[in-house]
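First comes the structure, then the notes that go with it.
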Amino acid sequence: MIYDPLQINVRRILVSRLRFMGDLILTTPLCRALKQHFPGANLSYLAETPYITLLNHHPHVDAVLSLDKQKNMRQNLLDAGRGHFDIAIDLFGNARSALLIAATRAPIRIGGNFRGRKYLYTHRITDDGIPKSAIDFHLSYLSPFHIDSNDKQTHIAVTDEEKGEARRYLQSLGYTFDRPLIGVHPGATWPAKQWLSDRFANLANTLVHDTSAQVYFTHGPREHQLLETIVGQCSWKVPQTTVLDLRSLAAVLSCFDCFVSNDCGPMHLAPAVGTPTVGIFGPGTPQVWFPYDSKSGHRLVHHSLDCSLCNRDFCETLDCMKSISVQDVLNAIKDSLQSRGKSL
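Residue 141 in my numbering sits at position 141 of the sequence shown; the count goes up by one each step and never skips.
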């Protein structure tokens with residue numbers, strides 16, 4: 001039986017986007033819209049560790065459920081069936097996530113119109129072919145409820161205690177808060193999405209020597225060599241930083257006046273904690289993956305070439321990245337700061 005989503009009494013909702021960092025963050029407007037539409041319902045979110053930790057303390061998520069990779073699939077399916085959910089929404093859409101949603105036995109199960117697994121859902125969302133941002137794509141999964149949300153702001157909650165710890169950590173490295181503090185993330189999941197390392201170094205050198213700004217490099221666990229290459233080209237003493245867990249990273253990003261990043265997870269985390277972000281895009285699709293309002297200080301750096309929007313993970317020429325100059329990014333940082341009454 002297919003239930004009418006407008007008639008069912010909704011008490012418990014499950015939302016699932018199993019991974020990754022940026023993808024999960026881009027679903028937070030959907031969580032807000034659901035809680036506003038069903039204010040009395042309890043909303044749980046299922047995702048893999050460590051991504052699920054980002055939703056701790058979130059005002060629109062009542063419970064976080066971590067998919068346990070140590071358990072076999074059968075046990076995870078049994079756990080999913082104990083939730084007594086009225087609505088279950090699968091925003092990931094692979095075979096495992098579809099099975100988990102089906103295992104909830106929720107009377108309303110929403111997912112994509114994907115081959116065989118579409119039959120595990122009661123309501124299937126079909127791509128209408130209209131280009132849309134990742135946020136709007138996720139919000140389209142609320143169409144069975146006739147929810148039309150105009151609030152596209154992503155949000156990750158950082159507690160006062162976490163922010164205090166982040167400020168103390170930055171101060172222990174010699175950073176102060178009386179001058180602009182610029183975060184820079186030179187890494188990316190795919191090589192084609194990485195701006196050139198020497199240009200990141202030149203950008204940092206220019207900021208430190210020619211302006212009043214301070215620079216902090218963020219990096220992930222597999223980006224030590226990249227960071228060492230960049231630090232080796234810096235003409236100033238770069239504080240030795242550490243790889244932060246996602247909650248600590250969110251808190252540190254919230255302390256920056258501006259964050260500069262390639263197209264990757266941290267680029268989405270910074271706007272979600274309220275930090276103006278300069279996104280550097282090469283082969284990616286900014287219309288999909290940079291849905292951030294310039295009125296909030298966010299700036300896109302992207303040059304349209306004949307080969308743009310190829311979405312390739314690897315590229316021998318990197319023409320799109322090479323077309324972006326240090327001055328392009330520096331101008332974007334200055335413009336972002338000036339839009340909020342600050343300067344370098």
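Beta carbons are placed, not taken as given, at the ideal position from N, Cα and C, and that holds for glycine. As the structure is a prediction and not an experimental result, all values here were calculated from the model.
**Prompt:** When the Cβ atoms of the segment 196-212 are set against those of the segment 156-174, are three or more pairs found closer than 8 Å?
**Reply:** The segment 196-212 is not in contact with the segment 156-174.
**Inter-residue spacing [alpha-carbon to alpha-carbon] between Ile230 and Ser197** = Here residue 230 is taken as the residue at index 230 of the sequence shown, counted from 1. Here residue 197 is taken as the residue at index 197 of the sequence shown, counted from 1. Approximately 6 Å, taken between the alpha carbons.
**Asked** Got a sec? Which residues, its chain only, sit under 8 Å from Thr42 by beta carbon, not counting five neighbours each side?
**Response** Counting from 1 along the sequence shown, the entry for residue 42 is found at position 42. The displayed chain sequence assigns Asn, not Thr, to residue 42. Around Asn42: Arg11, Arg12, Ile13, Asp62, Ala63.
**Prompt:** If you run the structure through DSSP and keep just helix, strand and coil, what is Gln214?
**Reply:** Here residue 214 corresponds to residue number 214 of the sequence shown, with the count starting at 1. If DSSP states are grouped into helix, strand and coil, Gln214 belongs with the strands.
**Unbroken beta strand (DSSP E) run spanning Ser66, endpoints** = For this step, residue 66 is matched to residue 66 along the sequence shown. Looking at the DSSP string, the run of the beta strand (DSSP E) that includes Ser66 is 63-67.
**Item:** Thr277, DSSP secondary structure in three states
**Value:** Here the question's residue 277 lines up with position 277 in the sequence shown. In this structure, Thr277 counts as strand in the three-state DSSP scheme.
**Prompt:** Nearest to Leu227 by alpha carbon, out of Cys307, Ser261, Leu120, His185?
**Reply:** Stepping through the sequence shown from its first residue, residue 227 is reached at position 227. Minimum Cα distance to Leu227 is reached at His185.
**Asked** Can you tell me the Cα-Cα spacing of Leu24 and Ser133, whole angstroms?
**Response** Within the sequence shown, numbered from 1, the residue matching residue 24 stands at position 24. Within the sequence shown, numbered from 1, the residue matching residue 133 stands at position 133. Taking the straight line joining both Cα atoms gives about 14 Å.
**Message:** Once DSSP output is grouped into helix, strand and coil, what is the label at Glu165?
**Reply:** Within the sequence shown, residue 165 is the residue found at index 165, counting from 1. Glu165 falls in the helix class under three-state DSSP.
**Asked** Near Leu65, what residues of its chain come up, given a Cβ to Cβ distance below 6 Å and the 5 sequence neighbours on each side ignored?
**Response** On the sequence shown, position 65 is the one that residue 65 refers to. Around Leu65: Ser44, Leu46.
**Request:** Can you check DSSP and say which residues form a bridge with Cys258?
**Result:** On the sequence shown, position 258 is the one that residue 258 refers to. Ile182.
**Request:** Return the first residue and the last residue of the alpha helix (DSSP H) that Ser339 is part of.
**Result:** Mapped onto the sequence shown, residue 339 falls at position 339. Counting along the chain, Ser339 falls outside any alpha helix (DSSP H), and DSSP gives it neither H nor E.
**Prompt:** Straight-line CA distance for Thr285 to Ile89?
**Reply:** In the sequence shown, residue 285 corresponds to position 285, counting from 1. In the sequence shown, residue 89 corresponds to position 89, counting from 1. About 25 Å.
**Request:** Return the residue from the list Ile8, Ala106, Leu120 that minimises the CA-CA distance to Gly112.
**Result:** Mapped onto the sequence shown, residue 112 falls at position 112. Among Ile8, Ala106, Leu120, the Cα nearest to that of Gly112 is on Leu120.
**Request:** Output the distance between the C-alpha atoms of Val238 and Asp178, rounded to the nearest integer angstrom.
**Result:** As a working mapping, residue 238 is identified with position 238 in the sequence shown. As a working mapping, residue 178 is identified with position 178 in the sequence shown. If you draw a straight line from the Cα of Val238 to the Cα of Asp178, it comes to about 19 Å.
**Prompt:** Which value, in whole angstroms, describes the spacing of the CA atoms of Ser336 and Pro271?
**Reply:** Numbered from its first residue, the sequence shown carries residue 336 at position 336. Numbered from its first residue, the sequence shown carries residue 271 at position 271. For Ser336 and Pro271, the distance between alpha carbons rounds to 13 Å.
**Item:** Alpha carbon of Leu26 to alpha carbon of Asp319, nearest angstrom
**Value:** Position 26 of the sequence shown, counted from the first residue, corresponds to residue 26. Position 319 of the sequence shown, counted from the first residue, corresponds to residue 319. One alpha carbon belongs to Leu26, the other to Asp319, and they sit about 28 Å apart.
**Request:** Look up Ser248 in the DSSP assignment and say whether it is helix, strand or coil.
**Result:** As a first step, residue 248 is located in the sequence shown; it is residue number 248 there, counting from the start. Judged by DSSP in its simplified three-state form, Ser248 adopts helix.
**Message:** Are the CB atoms of Ile108 and Pro346 within a distance shorter than 8 Å?
**Reply:** There is no way to answer for residue 346, as the model of the chain reaches only from 1 to 344.
**Item:** Same chain only: Cβ atoms within 8 Å of Ser254, ignoring 5 sequence neighbours per side
**Value:** On the sequence shown, position 254 is the one that residue 254 refers to. Same-chain partners within the cutoff: Val158, Lys163, Ala166, Val273, Gly274, Thr275.
**Item:** Inter-residue Cα distance where the pair is Asn9 and Tyr141
**Value:** On the sequence shown, position 9 is the one that residue 9 refers to. On the sequence shown, position 141 is the one that residue 141 refers to. So the alpha carbons of these two residues sit roughly 19 Å apart.
**Message:** I need the DSSP call for Gly116, collapsed to helix, strand or coil.
**Reply:** Here residue 116 refers to the residue found at position 116 when the sequence shown is read from its first residue. Helix at Gly116.
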